[in-house]
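Number of protein chains: 2
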Amino acid sequence: MSTTPDLSALREALRLAHENVVRHGGGPFGAVVTRGGAVVAVGQNQVTRACDPTAHAEVVAIRAACAQLGTFDLSGCEIHSSCEPCPMCLSAIHWARLERLTFAGTRHDAAAAGFDDELLYRELALPPAARALPTVQALRGEAQAAFEAWRALPDKQAY
Amino acid sequence: MSTTPDLSALREALRLAHENVVRHGGGPFGAVVTRGGAVVAVGQNQVTRACDPTAHAEVVAIRAACAQLGTFDLSGCEIHSSCEPCPMCLSAIHWARLERLTFAGTRHDAAAAGFDDELLYRELALPPAARALPTVQALRGEAQAAFEAWRALPDKQAY
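Quick note, the sequences are listed as chains A and B, same order. Per my numbering: the first sequence = residues 1 to 159. Per my numbering: the second sequence = residues 160 to 318.
Listed below in structure tokens is the structure:
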């Protein structure tokens, strides 16, 4: 992986973000996954047109890159996002094992356009019972069976 | 929405979690979305079998519920998860506007089975430049065009 950011991929993410607004009326966000300088997959925010609240640009690009490469592990790839990823997307980047993130707009730019992640950052920092989201924990004992089955599973594919 | 948790839906999430391990060799996680006490959609962790690192049980259930109801807004619905959701899933629950979360296993149970979210919680609490994930910010000025287009868009569908 190059030590300098790939500004052409970042500019493509910005182009996708702008196109998503003016062509599709979608959210102003785009993302590009690359490997060795080559584009693997791209994404645009599709929350409204796909009826999918998880279809942020980064998640769309990650899912497309995994489908393209036939793997759930994007080690060796990096992602370029038109804007600082929200906590969902940052977590998806983590689970996908992407090796670098380059972004253009900041969370403050996003907030100024009506996309404010601050409540979510605050929620994540709290223990479940203290969150604004009503949260109940129950049946912890019964929850162990699935974990025990996983521990006992031979030849399991860790992820 | 009932004031008491729906233990039958939570037990179904636990059954799905166990089934996912023993039948599919998948991760020990299941989730159920309900509305007014009726099941709308369910999910099992499909990271390995679907080659999708975002296919955690909660995300799968949310996407299925949205497809079922034809909306990106699950207001009026709640989610039952076999285990405390990871930050990606908790964020997805937030974006989907689910109104309550009930879970069984804790993040400590998950960690004991090899699924440790602690690094991710720490990452999310840090500013981007301080994270373990190499992160670069660039082209902030060029990033404004998409946001300006969004602000200027007439009749936009906010989400």
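Even glycine gets a Cβ: it sits at the ideal position worked out from N, Cα and C. Note that the coordinates shown come from a computational prediction; the quantities given were computed from them, not determined experimentally.
Run through the DSSP bridge pairs and tell me what residue i is partnered with.
| i | result |
| --- | --- |
| residue 267/B | For residue 267/B, which the question treats as bridged, DSSP gives no partner whatsoever. |
| residue 30/A | 44/A |
| residue 240/B | 190/B and 262/B |
| residue 135/A | 260/B |
Could you tell me which of the options sits nearest to residue i, measuring between CA atoms?
| i | options | result |
| --- | --- | --- |
| residue 95/A | 23/A, 151/A, 59/A and 4/A | 59/A |
| residue 314/B | 33/A, 109/A and 26/A | 26/A |
| residue 113/A | 229/B, 311/B, 289/B and 163/B | 311/B |
| residue 71/A | 208/B, 223/B, 230/B and 231/B | 208/B |
| residue 37/A | 24/A, 64/A, 23/A and 7/A | 7/A |
| residue 274/B | 122/A, 115/A and 146/A | 146/A |
| residue 286/B | 149/A, 108/A, 131/A and 157/A | 108/A |
| residue 133/A | 139/A, 122/A and 150/A | 122/A |
Short of 7 Å in beta carbon distance, which residues of its chain neighbour residue i, apart from the five on each side in sequence? Order them along the chain.
| i | result |
| --- | --- |
| residue 257/B | 233, 236, 237 and 238 |
| residue 164/B | 261 |
| residue 341/B | In the structure as shown, chain B begins at 160 and stops at 318. Residue 341/B is therefore absent and cannot be evaluated. |
| residue 265/B | 243 |
| residue 35/A | 76 and 77 |
| residue 124/A | 87 |
| residue 159/A | 72 |
| residue 69/A | 40 |
Which class does residue i belong to by DSSP, given the choice of helix, strand or coil?
| i | result |
| --- | --- |
| residue 198/B | strand |
| residue 147/A | helix |
| residue 99/A | coil |
| residue 157/A | coil |
| residue 167/B | helix |
| residue 300/B | helix |
| residue 208/B | coil |
| residue 248/B | helix |
| residue 223/B | helix |
| residue 130/A | helix |
With the cut-off set at 8 Å, would you say residue i and residue j are in Cβ contact?
| i | j | result |
| --- | --- | --- |
| residue 213/B | residue 101/A | no |
| residue 210/B | residue 67/A | yes |
| residue 47/A | residue 39/A | no |
| residue 269/B | residue 221/B | no |
I'd like the list of long-range same chain contacts for residue i, defined as Cβ closer than 8 Å, with 5 residues on each side in sequence excluded.
| i | result |
| --- | --- |
| residue 104/A | 10, 13, 14, 81, 82 and 83 |
| residue 178/B | 189 and 203 |
| residue 288/B | 294 and 296 |
Kindly examine the ligand FAD and report whether one of its heavy atoms sits closer than 7 Å to the Cβ of residue i.
| i | result |
| --- | --- |
| residue 38/A | Of the ligands one can find in the structure shown there are none, so the ligand FAD has no counterpart to examine. |
Going along the chain, which residues of its own chain have a beta-carbon closer than 6 Å to the beta-carbon of residue i, five neighbours each way excluded?
| i | result |
| --- | --- |
| residue 28/A | 17 and 21 |
| residue 322/B | Because chain B is modelled from 160 through 318, residue 322/B falls outside the range shown and cannot be assessed. |
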